[in-house]
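Taking it in order: structure first as structure tokens, then the write-up.
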Amino acid sequence: MSTRLADLVERLGGHLKGDGSICVAGIAPLADATPSQISFLSNAKFRAQATSSHAAALILAPADDAAIGSVYTGARIVTDNPYAYFARAAQLFAALSAPPRRPGIHPHASIDPAATIAPTAVIGAHVTVDADAVIEDGVVIDPGCFIGRAARIGAGTHLHPNVTFESACRIGRNGIVHAGAVIGADGFGFANEGGAWIKIPQTGGVSIGDDVEIGANTCIDRGALTDTVIEDGVKLDNQIQIGHNCHIGAHTAMAGCVGVAGSARIGKYCTFGGAAMVLGHLTIADHVHISSASMVSRSIHEPGQYTGFFPLSKNADWEKSAAIVRNLASMREKIRDLEKTVKSLSEKKQ
Amino acid sequence: MSTRLADLVERLGGHLKGDGSICVAGIAPLADATPSQISFLSNAKFRAQATSSHAAALILAPADDAAIGSVYTGARIVTDNPYAYFARAAQLFAALSAPPRRPGIHPHASIDPAATIAPTAVIGAHVTVDADAVIEDGVVIDPGCFIGRAARIGAGTHLHPNVTFESACRIGRNGIVHAGAVIGADGFGFANEGGAWIKIPQTGGVSIGDDVEIGANTCIDRGALTDTVIEDGVKLDNQIQIGHNCHIGAHTAMAGCVGVAGSARIGKYCTFGGAAMVLGHLTIADHVHISSASMVSRSIHEPGQYTGFFPLSKNADWEKSAAIVRNLASMREKIRDLEKTVKSLSEKKQ
Amino acid sequence: MSTRLADLVERLGGHLKGDGSICVAGIAPLADATPSQISFLSNAKFRAQATSSHAAALILAPADDAAIGSVYTGARIVTDNPYAYFARAAQLFAALSAPPRRPGIHPHASIDPAATIAPTAVIGAHVTVDADAVIEDGVVIDPGCFIGRAARIGAGTHLHPNVTFESACRIGRNGIVHAGAVIGADGFGFANEGGAWIKIPQTGGVSIGDDVEIGANTCIDRGALTDTVIEDGVKLDNQIQIGHNCHIGAHTAMAGCVGVAGSARIGKYCTFGGAAMVLGHLTIADHVHISSASMVSRSIHEPGQYTGFFPLSKNADWEKSAAIVRNLASMREKIRDLEKTVKSLSEKKQ
């Protein structure tokens, strides 16, 4: 399947320079693109590579167009954010080549009579939908998923195989939940009595906004009394753990293996590198960026990049450093002693 | 559904002061509770808040009752551990409002004729139970679970959706296993031969006690020759990995993302913060508490709190600290040199 | 089921000394082995224990045979790598006692008419196989698995329950994928536009070689444009996350909870301890060994053992060390000041 350049630009915007009737079937990096594909220039240092690309058309920024537009022989689509334009164009090409899905409920699915399923939804084999659940228009639920009682899946959302979406949890429109994710397992809450743990029932839910993507085998726990909240546009990678009653602000993104303990309140537009950890009940401001493998043990009120991991060394060197790190207090003591002695020596000297 | 205060106290204990005929339908924090709910005071610093609560009744300790009993106008339930009482009362209210489950086997489940299923058990859709498995009284197995050959699920235990419970593994009474957990995957055991890995079959099982809770997507590996053992009352949060032949003592609790390597032996009444890691073949005493994101690389024989993670800083500050950490041996050398020089200067001085 | 020693040696090699007609039914450690079992000596320090073992036969190396062969009364199988021989013998005994599996497709499986399933394959209950998928000879797919469109499962590979194997991904011969693993979820790729994230479709697949083992709930993401690649003989433990477009060299092994960010290129014969982390776009040479809980933030070009984690201490000691670590730059400053002062004192002295 292919599309005319003019149609692409009508749909995605940008300013077209060149022949809009050219048909293109995909998008590829500058060096790989063929005359039936388009490409994109998102970094000025690749201008030379762009001018020699075989792509039918280039997506590029105004400054790059000014610099190479007269040299490049193909068509150009000029836009302020070529990389975002690339992403949208790639989505469009992916949709063109995706196998069609037939709406309807697979005969091997188990749907409670009290569930509401939009006729445009696609419900795969071996799916279970419990009573009072609502599956909105255009939702795709892949095989093996479980949708609990009174859960709600917003229009256009796609659940990949074997997702567990427990009772009374909600996700908004156009979300993606990858395989094996668990939404709404009980939060980890217990009272201690003589050493033994008494379970505190977790009666809140999980409330997820629009345009949220949740990675494979990621878990978001249900709240204790009120909901765990994931705002619009949040992107979570695989193997992430979000504790009960966390609140994650809009457009925050977390890479794989991140853990966030209960009741942490994380701002908007934050990013977390892989395996970053956040203690419970902390507050993190908007626009905070946490590096990979870093542990956040206090609230952060100022935007910026924060890091905390032990640097890697050859094992023998690490053993020396680690031994000293364990004894830094005595090293500091030695320095204080030296300072005193040297001060007294200096004074005597004068 | 609601219950009379007198009935609540008859069931859960404590000393009731006030009108036992009041009907209550739930439990809520001091500030939120309505006259049809009860609340609890588990920390003396909230006494003022407690006296102004609208709750029908307060759960509180004798000392707090002595302090505010004459001021608070509602009923009181006096007990030594109000927080544990709250947890039990909340369980009771949750049970009152839970949708009823009908015992029986869903027509879309696949049960081997040689499996034994108690008539009071609830087996959901798309569940598979293999030969010689035993499902005891009152067990609930949610949709999509797999129960392997000769596995045993103890009375009253609840498996949430999509749990994999492999052959010859056992869990005791009143357990909870959250969605996506995997009990009894092969331990990670190989012999090396010229660089390639030869698999060592893992022929032990997993033996889990009573009152154990296992979080979503948590894995407990089967033993190599003998069983991996999880004692009574252990609580594991989500995304935890327990290696083969570990032994975890009763009432130990681990927060999300903890990893325990093979053959570690962990005591009773321990706690592990999120993402703590334990190397294999270590022994950890009873009553040891490991902080989040801390790595246990040696056995611990003394109770206490242990920690080891790199403190978080602004990235620029971390880069300086990390560079110095890498070179701590040379810093120590400089201090030794200084000490020698200063000593010699001091001696000459005298 | 049992086997004659002579048959065992014919199948697995090694030099048999003693009566080949003895029948043995299993393998056990030196101290536990009964006269119907064999045992193995893989470490010279257990020679004394070996001589008193009740095993019907011992697997041992030539040097150990020379030392204790005349003392030990049972049969001996002499081989250069007794531990690898033990692993292969244990596999053989496990196969002898495994319950037989009947080839065929369970009536509760959902197979697309355009899928190709070898008649010798075993397809469990509640499995879904999409169009154009290919399931080769002797494959075992346990209940609840999902096999996507045009995926290929190589001969002899075993998928445990509830595995998700997405479209266009491939695994070679004799692989093992443990329960809950997710192969081929979307890589984590987005373009940023004014703070919001625009999804970049992930159109590559996952290409997995022969003899690969993948742990429970482990995730391997599909590539963005080209495939994520796992070479032959790689062994991945549970809860691992492999990002899109990673390339993992043959016979590399990773323990549980490891995370590898996108486009990392890891060599052959490497090992990673539990919870080790690797940043994206790095290159790691062959024969590199990363310790547990260590963060790899730069490429590694030299073989060897590398480590980086903060050493564990009693919490009070850690608090002191951590406070100093945060201020190492000022400590270094103090040492420099001391060096200057002491130098000037020394010079004045002379």
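The listed protein sequences correspond, in order, to chains A, B and C.
Residue numbering for the first sequence follows this note's numbering, beginning at 1 and increasing consecutively.
Residue numbering for the second sequence follows this note's numbering, beginning at 1001 and increasing consecutively.
Residue numbering for the third sequence follows this note's numbering, beginning at 2001 and increasing consecutively.
Backbone N, C-alpha and C fix where the C-beta goes; we use that ideal spot for every residue, glycine too.
Note that the coordinates shown come from a computational prediction; the quantities given were computed from them, not determined experimentally.
In this structure, the beta-carbon distance from Asn-162 of chain A to Gly-180 of chain A falls below 8 Å. Gly-194 of chain A places its beta carbon 8 Å or farther from that of Gly-2259 of chain C.
Nearest in C-alpha terms to Ala-33 of chain A, of all of C:Leu-2225, C:Gln-2239, C:Asp-2317, C:Ile-2300, is C:Leu-2225. Interface annotation, Arg-102 of chain A: not in contact with chain C, CB-CB separation never under 8 Å.
Just so you know, the alpha carbons of Pro-2107 of chain C and Asn-2245 of chain C end up roughly 37 Å apart.
Inside the segment 2172-2255 of chain C, DSSP marks whole beta strand (DSSP E) runs of 3 or more residues at positions 2190-2193, 2196-2199, 2206-2208, 2228-2230, from first to last along the chain. For the C-beta of Ser-1297 of chain B, the chain C residues within less than 9 Å are, from N- to C-terminus, Ser-2291, Ser-2292, Ala-2293, Phe-2309, Pro-2311, Leu-2312. By DSSP's assignment, Gln-2305 of chain C forms a beta bridge with C:His-2289.
Rounded to the nearest whole angstrom, the C-alpha separation of Ala-131 of chain A and Phe-146 of chain A is 12 Å. As a beta-bridge residue in DSSP terms, Lys-2314 of chain C pairs with B:Tyr-1306. For the segment 1324-1336 of chain B, the residues whose beta carbon sits under 7 Å from a beta carbon of chain A are, in order, Val-1325, Arg-1326, Leu-1328, Ala-1329, Arg-1332, Ile-1335.
Contact annotation: Leu-2236 of chain C and Ala-2261 of chain C have beta-carbon atoms that are not nearer than 8 Å. Taking the C-beta atoms as reference points, Gly-2148 of chain C is found nearer than 8 Å to Ala-2133 of chain C.
Around the C-beta of Glu-10 of chain A, fewer than 16 other C-beta atoms lie within 10 Å, and the residue is accordingly described as exposed. With a contact defined as Cβ atoms closer than 8 Å, Pro-1143 of chain B and Val-1129 of chain B miss out at about 13 Å. Within the same chain, Cβ atoms closer than 7 Å to the Cβ of Gly-74 of chain A are found at Gly-18, Ala-55, Ala-56, Ala-57, Leu-58, the five residues on either side in sequence being excluded.
Within chain C, the residues placing a beta-carbon under 7 Å from that of Tyr-83 of chain A are Ala-2191, ordered along the chain. Taking 8 Å as the threshold, the shortest C-beta distance from Leu-1345 of chain B to chain A falls below it. In this structure, the alpha-carbon of Trp-2318 of chain C lies about 49 Å from that of Leu-41 of chain A.
Ala-1057 of chain B has B:Ile-1038, B:Ala-1075 as its beta-bridge partners, per DSSP. Its chain contains no residue whose beta carbon lies nearer than 7 Å to that of Pro-2099 of chain C once the 5 sequence neighbours on both sides are disregarded. Across the set A:Ala-253, A:Ile-248, A:Ala-255, the C-alpha of A:Ile-248 shows the shortest separation from the C-alpha of Ile-266 of chain A. Against Leu-338 of chain A, the close residues of chain C are Lys-2334, Ile-2335, Leu-2338, Val-2342, in the order they occur along the chain (beta-carbon pairs closer than 9 Å). DSSP, reduced to helix, strand and coil, places Ile-1022 of chain B outside both helices and strands of the structure shown, so it counts as coil.
For the segment 212-239 of chain A, the beta-carbon criterion of a distance under 8 Å to any beta-carbon of chain C is satisfied by Glu-213, Gly-215, Ala-216, Asn-217, Gly-233, Lys-235, Asp-237, Asn-238, Gln-239.
Under DSSP, Ser-110 of chain A shares a beta bridge with A:Thr-128. Taking CB atoms only, Asn-315 of chain A has a neighbour in chain C less than 8 Å away. When the Cα atoms are used, Ala-2151 of chain C and Asp-64 of chain A turn out to be separated by approximately 41 Å. In this structure, DSSP gives Met-277 of chain A an extended state, which the three-state scheme calls strand. In the DSSP annotation of this structure, the continuous segment of the beta strand (DSSP E) that includes Leu-1016 of chain B starts and ends at 1015-1017. Minimum Cα-Cα distance from Asp-2211 of chain C among the listed residues C:Thr-2271, C:Ala-2094, C:Gly-2026, C:His-2158 corresponds to C:His-2158. Per DSSP, the unbroken alpha helix (DSSP H) holding Glu-1010 of chain B starts and ends at 1005-1012. The DSSP-derived three-state label of Arg-102 of chain A is coil.
Closest in alpha carbon position to Gly-204 of chain A, among B:Arg-1004, B:Leu-1012, B:Ala-1028, B:Ser-1167, is B:Ala-1028.
Within the segment 2156-2182 of chain C, contact with chain B at the beta-carbon level (separation under 8 Å) is assigned to His-2160, Pro-2161, Asn-2162, Ile-2176, His-2178, Ala-2179, Gly-2180. No Cβ of chain C is located within less than 8 Å of the beta carbon of Phe-46 of chain A.
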